[in-house]
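First residue of the sequence shown: 6, per our numbering; consecutive thereafter.
Built from N, CA and C at the ideal position, the CB exists for glycine as well.
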Amino acid sequence: MRIAAAPDSLDLALADAAATEALGARIGAALELGEAVLLFGPLGAGKTTLARGAISAWVGAETEAPSPTYTLVQAYEGPKGGLRHADLYRLASTHEIEEIGLVDALLEEALIVEWPERFAAQAPENRLHVTLSHAGGARRARLEGFGVWRRRLAGGGFDGG
Ligand SMILES: Nc1ncnc2c1ncn2[C@@H]1O[C@H](COP(=O)(O)OP(=O)(O)OP(=O)(O)O)[C@@H](O)[C@H]1O
Ligand SMILES: [Mg+2]
């Protein structure tokens with residue numbers, strides 16, 4: 006459900022985990038190679054839930070999508086090409102971002118990043134920021150688009166309506 010709209014951001018209420026996953030699916034369907042989705046928000050805010058929806062949409066089928074909390078990154082393939090899902094919570098240093106190949110990956114893949122604060126400086130121009138927050142037992146999401154994502158958000162279709 007759409008609560009309020011600013012020219013380049015969108016605030017959404019997510020009543021349950023299925024709504025978070027459905028938002029992820031809409032994002033994953035619109036995502037293209039060379040672009041990144043940065044998932045901000047505190048522990049348990051729903052970042053992995055949203056990522057799973059996006060991964061399923063990218064792959065084109067329900068798929069096992071383990072949280073990359075310990076592995077830092079998981080790779081997927083879909084009709085459009087490669088998608089990497091990273092969780093930088095346990096990143097020891099910013100050098101590790103290069104070691105796990107996130108910057109190189111952007112040349113030919115798409116990227117979804119949880120705890121992206123340390124990656125933000127290297128993020129591509131064409132990216133979507135999603136900030137998830139707790140709202141009682143439910144969640145809220147703020148979407149901000151940059152580059153082509155700014156136009157995509159303005160074009161609609163992300164509010165579930
Ligand atoms: N809109 C929602 N309303 C209620 N619960 C939700 C919602 N979205 C996700 N959840 C639930 O919140 C819990 C935490 O979700 P998730 O693991 O995706 O969070 P996270 O942000 O990835 O956490 P972490 O920071 O530990 O990686 C899960 O049980 C999930 O089902
Ligand atoms: Mg997570």
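Please report the distance separating the alpha-carbon of residue i from that of residue j.
{"i": "GLU101", "j": "ALA62", "result": "28 Å"}
{"i": "ALA18", "j": "ARG144", "result": "6 Å"}
{"i": "PHE163", "j": "THR74", "result": "27 Å"}
{"i": "LEU116", "j": "GLY141", "result": "30 Å"}
{"i": "SER72", "j": "ALA159", "result": "30 Å"}
{"i": "THR99", "j": "ARG123", "result": "6 Å"}
{"i": "LEU77", "j": "SER14", "result": "29 Å"}
{"i": "ASP16", "j": "ARG157", "result": "15 Å"}
{"i": "ALA56", "j": "LEU36", "result": "12 Å"}
{"i": "PRO121", "j": "GLU103", "result": "14 Å"}
{"i": "ALA1", "j": "ALA23", "result": "No answer is possible for residue 1: the residues shown for the chain start at 6 and end at 166."}
{"i": "HIS90", "j": "ARG147", "result": "20 Å"}
{"i": "ALA80", "j": "LEU88", "result": "6 Å"}
{"i": "LEU127", "j": "PRO47", "result": "Position check: residue 127 holds Gln in this sequence, whereas Leu was assumed. So the two alpha carbons sit approximately 21 Å from each other."}
{"i": "ARG31", "j": "ARG155", "result": "15 Å"}
{"i": "GLY106", "j": "VAL64", "result": "21 Å"}
Report whether the distance from the Cβ of residue i to the nearest heavy atom of ligand 2 is below 7 Å.
{"i": "ASP92", "result": "yes"}
{"i": "SER72", "result": "yes"}
{"i": "GLU119", "result": "yes"}
{"i": "THR25", "result": "no"}
Determine the contact status of residue i and residue j, defining contact as a CB-CB distance below 8 Å.
{"i": "LEU93", "j": "VAL118", "result": "yes"}
{"i": "ASN170", "j": "GLU40", "result": "Residue 170 falls outside the range modelled here, since the chain spans only 6 to 166, and no answer is possible."}
{"i": "ALA59", "j": "GLY83", "result": "no"}
{"i": "VAL42", "j": "VAL135", "result": "yes"}
{"i": "LEU133", "j": "GLY150", "result": "yes"}
{"i": "GLU113", "j": "GLY152", "result": "no"}
{"i": "GLU26", "j": "THR53", "result": "no"}
{"i": "HIS139", "j": "ALA20", "result": "no"}
Is residue i near ligand 1, judged by its Cβ being under 7 Å from some heavy atom?
{"i": "ASP21", "result": "yes"}
{"i": "GLY29", "result": "no"}
{"i": "GLY165", "result": "no"}
{"i": "ALA50", "result": "yes"}
{"i": "ALA41", "result": "no"}
Report the partner residues of residue i according to the DSSP bridge assignment.
{"i": "THR136", "result": "PHE45 and ARG147"}
{"i": "ILE117", "result": "VAL42 and HIS90"}
{"i": "GLN79", "result": "HIS90"}
{"i": "LEU19", "result": "ARG144"}
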